[in-house]
């Protein structure tokens, strides 16, 4: 691809500076030109199957450009960018992404610009070989003008050997870490201090325990040992200490003593708690029996009261009251006009539960009267309904008459209209016939009379006139038929005599009269029997019936109580016997509690003689001595592990030292010595096509024991430094180095940004031929920015971009 554009139009920025700045913020010059105040760079790249979008918004500053960046992860299928031209005006890559369906964009949040750049370079680390080899720009560094050490860095990037330096750093960090650990484990004073403190605590606890024992255990056998330890405790060190000298039998004797004391205390405590529980149980029994005794006293009092309150004479009084009430009811029954009610029921054939004279009682009479009153109300409602039906029938008849008159009027108007149309048609036919006769009469001068052939001569005219006449005759006939039909309909309506449906109205009036008669019969009957008096009798009768039921209930209850007198007397005797038994048990419980209280006082005196606090303190000291012994034992074991760890660390330090030496020199030299001669031959092969000198690349060790890359020029004058080359020769050497590295690593792309300016035409021609052969021999994309016509005319271009 050839990029053609005027000077200063931004070719280098678009194809070289822009991508590098977008990834690493790497640039030797300002990105924005003098006319631009703002700009942006947006790049998409894929790393480890993850697609990233990097956006950098650039603003022009006083001394340098400022930048605001964002980093995104893209998920989904990307749009096909091959459908777009390499350069397009007013096209934003983010607009293309937003329009693409199913593409998700998640922003990676960062604290600031520095944090974003550091994280970006963790998964996309910059390589010097990119800056100096694949991107060859007019202001890029020339490897042969770098120091020998910096040249080696470039070479490491070419062969992916930067990992060796990283490994060296990791080894150095690990070695320093181990050295710090060894140093921290050299000081064992903390172990000596802990040991001395534990022994002092152990001895002081032993003395305190011995004083508490008061000679209960013979401690003379251990006293000499601990006295010796007190004398040398300041001089004891971990390196010469052993737990074997500690006497162990003292622990068993002290443990046995503590167990005996605790067993004695527990026995007394158990006895004391048992007596306390026994007293509480006896007291509980007293409360339960007292509650039972109270219930029995209440029951006895109730039974005695019930027996005393039973009065057999009261039953006779209640029965007498019942008979008197029944007599009053019979008197009320006599006030009912049973014969009149029976006659009315027979005469009216009423639907009632009263079938015979004996069925007529106060209650049935009252119910029958209420039924008649209800029936009268129903008849009244029926009369109102019949009256409404009569009015409705009259209204319907009136509407039918009005409807018939309206139809007759409409038909008459329609007939008059048809008759007028018929008269018009008849007159038109008459006028037409006169016109035909007039046109058929033509005086002929030759025969001196009307011409008999006038209709034959004017046949067409007379045919039209006949056709018109026929049409009007047909219309006349149609109108006459219509008028005849309308006359028939009028006659049919005249025949219809809309009469009021007298039969239906008469039937309704008959029903009304029957209902009115039924109401009058009911009113006459109710007045005859004085229904108001019967209602009063019914109320008295109902009240008397309620009194009789209440009296029956009381009589039954009293009869039942009389039957239960003997049973209640037996219950009373049993309750008295049970009460006497409970009183006896209460006395026994009181005696038992007094005995238990005496036993509890004796146990309290025994507990006071035992010094529980002393036993607890001895046990606490015993556990403390055990823990101190265990701590001393753990400290000894920890010191042993400490010594083993230090030994292992020293072994690891030696191993890491050997590895560091290997990674520092041997491994790097081993790899580069195999590849460097190949690179040297490729460089000299390209140089031979343009210039008459060769170059020698050698690995040397400096005085500081560092590896350096030496570069010497070899020609007819002998061997000399690359600095002795002219400016044009250095440009050629820089270009050849880039081509050699590109050939060696099989890079898929190559960028040339005005790298052969200021060369003579002959040299430029040789460079053009070499580049043309280089591109044709490889599957490579060559991007060139140049002002040289010879380079532009090379026959290797797939595409030319003009800006």
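Numbering (the working numbering), first residue to last: 16 to 818.
Note that beta-carbon positions come from the ideal geometry of N, C-alpha and C, so glycine has one too.
| Item | Value |
| --- | --- |
| Under 8 Å between the Cβ atoms of residue 398 and residue 531? | yes |
| Rounded to the nearest angstrom, what separates residue 293 and residue 567 at their Cα positions? | 59 Å |
| Within 10 angstroms of its Cβ, does residue 753 collect 16 or more other Cβ (buried), or is it exposed? | buried |
| Taking the CB atoms as reference points, tell me whether residue 700 and residue 710 lie closer together than 8 Å. | no |
| Relative to the C-alpha of residue 664, which candidate in 201, 716 and 563 has its C-alpha closest? | 201 |
| Determine, using beta carbons only, whether residue 66 and residue 668 come nearer to each other than 8 Å. | no |
| Taking C-beta to C-beta, are residue 339 and residue 377 nearer than 8 Å? | no |
| Identify every run of the beta strand (DSSP E) within the stretch 647-724, keeping only runs that are complete inside it and at least 3 residues long; order them along the chain. | 709-716 |
| Taking a contact to mean a Cβ-Cβ separation below 8 Å, would you say residue 846 touches residue 40 in this structure? | Nothing about residue 846 can be reported from this structure: the residues present for the chain run from 16 to 818 only. |
| Can you give me the Cβ contacts of residue 705 inside the same chain, cut-off strictly under 8 Å, excluding the 5 residues immediately before and after it? | 747, 751, 778, 781, 782 and 785 |
| Helix or strand or just coil, what does DSSP make of residue 514? | Annotation note: pLDDT 49 at residue 514 (below 50); position unreliable, no value reported. |
| What residue from 542, 129 and 92 has the CA that sits closest to residue 115's CA? | 92 |
| Could you check what DSSP says for residue 32 in three-state terms: helix, strand or coil? | helix |
| On the CB-based measure, 16 or more other CB atoms within 10 Å of its CB, does residue 306 come out buried or exposed? | exposed |
| Determine, using beta-carbon pairs with one atom in the stretch 157-168 and one in the stretch 719-736, whether at least three such pairs fall under 8 Å. | yes |
| Checking the sheet assignment: what are the DSSP bridge partners for residue 62? | 65 |
| According to the neighbour-count rule (16 or more other Cβ atoms, all chains shown, within 10 Å of its Cβ), is residue 71 buried or exposed? | buried |
| Could you check whether the stretch 560-574 touches the stretch 407-425, counting it as contact only if at least three pairs of C-beta atoms, one from each stretch, sit closer than 8 Å? | no |
| Per DSSP, what kind of secondary structure is residue 85 in: helix, strand or coil? | strand |
| Alpha carbon to alpha carbon, how far is residue 136 from residue 89? | 18 Å |
| If you compare alpha carbons, which of 448, 418, 547 and 625 is closest to residue 283? | 625 |
| For residue 297 versus residue 644, is the C-beta distance shorter than 8 Å? | no |
| When the Cα atoms are used, what is the spatial distance from residue 191 to residue 80? | 41 Å |
| Entirely within the stretch 574-637 and at least 4 residues each: give me those alpha helix (DSSP H) ranges in chain order. | 580-624 |
| Excluding five sequence neighbours on each side, which residues of the same chain lie with their C-beta closer than 6 Å to the C-beta of residue 287? | 618 |
| Which full runs of the beta strand (DSSP E) of 3+ residues lie inside the stretch 750-803, going along the chain? | 764-768 and 796-800 |
| Please classify residue 173: is it buried, with 16 or more other beta-carbons within 10 angstroms of its beta-carbon, or exposed? | buried |
| Pick helix, strand or coil for residue 810, following the three-state DSSP scheme. | coil |
| Please tell me whether residue 351 and residue 549 are closer than 8 Å, where the distance is taken between their beta carbons. | yes |
| Rank 804, 787 and 803 by C-alpha distance to the C-alpha of residue 813 and give the top, closest one. | 787 |
| Hey, residue 633 and residue 224 are a contact pair by Cβ (cut 8 Å); roughly how many whole angstroms apart? | 6 Å |
| Using the Cβ count rule (16 or more neighbours within 10 Å means buried), how would you classify residue 394? | buried |
| Beta-carbon within less than 6 Å of residue 124's beta-carbon, same chain only, minus the 5 sequence neighbours each way: which residues are those? | none |
| Please classify residue 514 as buried or exposed, where buried requires at least 16 other C-beta atoms within 10 Å of its C-beta. | Low per-residue confidence applies at residue 514: pLDDT is 49, beneath 50, and the placement is therefore not dependable, though the value from the model is reported in the following sentence. It counts as exposed. |
| Residues in the same chain with beta-carbon distance under 6 Å from residue 149, minus the five sequence neighbours each way, listed in chain order, please. | Confidence in residue 149 is poor, its pLDDT being 49 and thus under 50, which makes the residue's placement too unreliable to answer from. |
| Counting along the chain, where does the alpha helix (DSSP H) carrying residue 167 start and finish? | 163-173 |
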